[in-house]
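For the sequence shown, position 49 (counting from the first letter as 1) is numbered 49 according to the numbering used here, and the numbering increases by one without interruption. We put the beta carbon where it would ideally sit given N, CA and C, even for glycine. Below is one structure; the comments refer to it alone.
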Amino acid sequence: MKRRHFIHWVGLSWLATSLPVVIAACLKQTRASTSSVASDWQTVGTTAKLDETGQLLVENSPIGSVLIIGTSESENLIAVDPTCTHKGCTVTWTSEAQKFTCPCHRAEFAVDGQVQKGPAKKPLKTYIAKIEGNSVLVKSS
């Protein structure tokens, strides 16, 4: 084997063995930076807006789309990602039936985001919500 070919193969071998380490290091940094945002409380609106209709839809919050159900006097606020897990339509809250309904294909979800009726198979993502002062805050559950 010629010296040039030997050096070429050694270089390729070094590159092939180092690449997974570099990729893993980059993935850890990305996960760490996104998880710190997801674990912090995020202000998504005011109690005045929530009290107007008993729900607050925020599409561009730091943690994504959020639909909060309740009032400033509620013991427990309901907070979900309103994106239907079937085809991505925005679900609506039906207070009489106490469920979320997708207007596109009629999937139904319980208060805790669990699927009650298909065609959706996965539950809605839920959040923890609270009120501090006049602000409505959420964080990933």
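Out of the options, which one is the CA nearest neighbour of residue i?
{"i": "K99", "options": "V80, H86, C89", "result": "V80"}
{"i": "E52", "options": "E75, A97, D112, G70", "result": "G70"}
{"i": "E96", "options": "A110, H86, K87", "result": "A110"}
{"i": "N134", "options": "R3, W93, K49", "result": "K49"}
{"i": "S74", "options": "C84, C89, Q55, T92", "result": "Q55"}
{"i": "A120", "options": "L77, T94, C84, W93", "result": "C84"}
{"i": "S141", "options": "F6, V91, I78", "result": "I78"}
Could you spell out where the beta strand (DSSP E) holding residue i opens and where it closes?
{"i": "E59", "result": "55 to 61"}
{"i": "K130", "result": "127 to 132"}
{"i": "T43", "result": "42 to 46"}
{"i": "L67", "result": "64 to 69"}
{"i": "L137", "result": "135 to 140"}
Assuming residue i and residue j form a contact by the criterion Cβ under 8 Å, report the distance between their Cβ atoms to the nearest whole angstrom.
{"i": "V138", "j": "V10", "result": "With a Cβ gap of about 53 Å, V138 and V10 do not count as contacting."}
{"i": "T47", "j": "I131", "result": "6 Å"}
{"i": "T126", "j": "G118", "result": "Not quite, the Cβ-Cβ distance comes to about 19 Å (not below 8 Å), so this is no contact."}
Apart from the five residues just before and just after residue i, which ones in its own chain have a Cβ nearer than 6 Å to its Cβ?
{"i": "L67", "result": "L57, V80, P82"}
{"i": "D40", "result": "none"}
{"i": "R31", "result": "Confidence in R31 is poor, its pLDDT being 46 and thus under 50, which makes the residue's placement unreliable; the coordinate value appears in the next sentence. None."}
{"i": "E59", "result": "S65"}
Quick one: what's got a C-beta closer than 7 Å to residue i's C-beta in the same chain, skipping five residues either side?
{"i": "K87", "result": "C104, H105"}
{"i": "Q42", "result": "S61, P62, I63, L137, V138, K139"}
{"i": "C89", "result": "C102, P103, C104"}
{"i": "M1", "result": "none"}
{"i": "S13", "result": "none"}
Leaving out five residues on either side along the sequence, give the residues of the same chain with a beta carbon under 8 Å from the beta carbon of residue i.
{"i": "S36", "result": "Model confidence at S36 stands at a pLDDT of 46, short of 50, so the residue's coordinates are unreliable and nothing is read from them."}
{"i": "K122", "result": "T85, V115"}
- Let me know the alpha helix (DSSP H) ranges lying completely inside the segment 80 to 115, each 4 residues or longer, listed in chain order. none
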